[in-house]
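Please read the structure below before turning to the comments.
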Amino acid sequence: MTAQFLSAQDTLDMIKVEKSIDKIFINFSDENPGVVLTVMKKGEIAFSKAYGLANIKDKKELEVHQLFNLRELSKVFTSLAIMKLVEKNKLDLEDNLCDIYKGFPEYGQKVRVKHLLNQTSGLKPFNEKEINSNVDVLDFLTRQDGVLFEPGTVSKYSNSEYAMLANIIEMKSGMSYSDYLKKNIFKKLQMNNTYFAHELNESNNLAIGHFINDKNIYDPELMLHNLYGEQGIFTNAQDYAKWDKALYTNKLLRCDCLKEIFTIIPLNSEKNNHYYGSGWVLMKRNNTRYYWHGGMGMGYTNLVLHLPDTKTTILLLTNRNKGYDYLKMAIDIARLFDKDLKL
1 MTAQFLSAQD TLDMIKVEKS IDKIFINFSD ENPGVVLTVM KKGEIAFSKA
51 YGLANIKDKK ELEVHQLFNL RELSKVFTSL AIMKLVEKNK LDLEDNLCDI
101 YKGFPEYGQK VRVKHLLNQT SGLKPFNEKE INSNVDVLDF LTRQDGVLFE
151 PGTVSKYSNS EYAMLANIIE MKSGMSYSDY LKKNIFKKLQ MNNTYFAHEL
201 NESNNLAIGH FINDKNIYDP ELMLHNLYGE QGIFTNAQDY AKWDKALYTN
251 KLLRCDCLKE IFTIIPLNSE KNNHYYGSGW VLMKRNNTRY YWHGGMGMGY
301 TNLVLHLPDT KTTILLLTNR NKGYDYLKMA IDIARLFDKD LKL
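Residue 1 is where the sequence shown starts when you use the working numbering, and the numbers rise one by one after that.
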């Protein structure tokens, strides 16, 4: 597919850049599930191109405006929604699960909202095959007798954390998770092509997820799961760019609350270190900050790389469950747009 890029870019330079990018995505051919690459500068799309197929069954070519399951990239919307409640004084990051849910087991007194955001809660993970909704997650946790470790001492992912944050949003706002995000994020940014899993079917403009089978062949399948918090949001590159642009402003959140999202809360242990903020992996190399997050599942694999020092964002949305080093790909692409990038 022909690339789309800003008219202000030097055409000859962009042709060279496009050829370099084409080499990076050589394995995303027209015969396989594809990828949409989008490069944003200060929230404006500088380059966008689709490779491969949206559905290998009908040989439909992937297009840059199609919807993808964000999977774990959904976390950034959940964390901002939580901080919106903090901004409105409806929630405090020091609140614990027993403060929020009367009758929650005693171990919840040590699990604070900030631990859920930073993946340091120690909450036991649930089996997605046995859980069908966020209500089920709360029920699962109320039947547990403790945490895996002292909250705030270890950084370890648990799928229970962001599902519980979605539950807390509903408890404190008096609205459904989806309605709260629509009101406070999607409608404000005119993200009109962003949906929740329960709103979708194959009639939507979806890039269908693909699973590689034991014969090394991809099979298309649309899987929808009504679990929210760390998953369940579908969007396209154009809507994500609107979100990216808003992160440079106070349109959604006061700057001090927005800054909190991109801040690591130190662990209560000198022996351990971690890099997880609120839905972002926050790292620094050669004095260059780089924030990123990946997500894989239900036939999709995605990655976002955000470089705050140059206001550059690289978004990779794929409709296949086969893993590559997407972070390396994103950094290599970022170097094509930021010649002096030291990563």
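Even glycine gets a Cβ: it sits at the ideal position worked out from N, Cα and C. Please read all numbers here as calculations on a predicted model, not as lab measurements.
Cβ contact annotation for K245 (same chain, cutoff 6 angstroms, sequence separation greater than five): G43, in chain order.
By the CB criterion at 9 angstroms, E128 and C257 fall outside the cutoff. In the three-state reduction of the DSSP assignment, T38 falls in the strand class. Here the segment 274 to 286 lies against the segment 75 to 86, with 3 or more beta-carbon pairs under 8 angstroms apart. Shown here, G297 sits in a strand according to DSSP, grouped into three states. Collapsing the DSSP output to three states places N167 in a helix. Residue burial annotation: H115 is buried, with at least 16 other C-beta atoms found within 10 angstroms of its C-beta. Of all C-beta pairs linking the segment 167 to 174 to the segment 97 to 114, three or more are shorter than 8 angstroms, placing the two stretches in contact. Beta bridge pairing from DSSP links K60 with N55.
About 5 angstroms separates the Cβ atoms of A207 and A54, confirming a contact at the 8 angstroms cut-off. Residue pairing by DSSP places M283 opposite Y290 in a beta bridge. In this model, T120 and K156 are separated by some 6 angstroms (Cα to Cα).
Two segments are said to touch when three or more pairs of C-beta atoms, one from each, lie closer than 8 angstroms; by this definition the segment 311 to 326 touches the segment 28 to 42. When secondary structure is reduced to three states using DSSP, S121 falls in the coil class, being assigned neither helix nor strand. Three or more beta-carbon pairs drawn from the segment 206 to 225 and the segment 48 to 66 are found closer than 8 angstroms, and the two stretches are therefore classed as touching. Secondary structure at V304: strand, using DSSP grouped into helix, strand and coil.
Within the same chain, Cβ atoms closer than 6 angstroms to the Cβ of S158 are found at L123, P125, the five residues on either side in sequence being excluded. Annotation for T142: the continuous alpha helix (DSSP H) segment containing it runs 134 to 142. DSSP places I314 in the strand class (E or B) of the three-state scheme. In the displayed model, D145 falls within coil according to three-state DSSP, outside both helix and strand. S176 sits in coil when the DSSP states are folded into three classes, being neither helix nor strand. Excluding the 5 residues flanking it on each side, S173 has same chain C-beta neighbours closer than 6 angstroms at Y180, in chain order.
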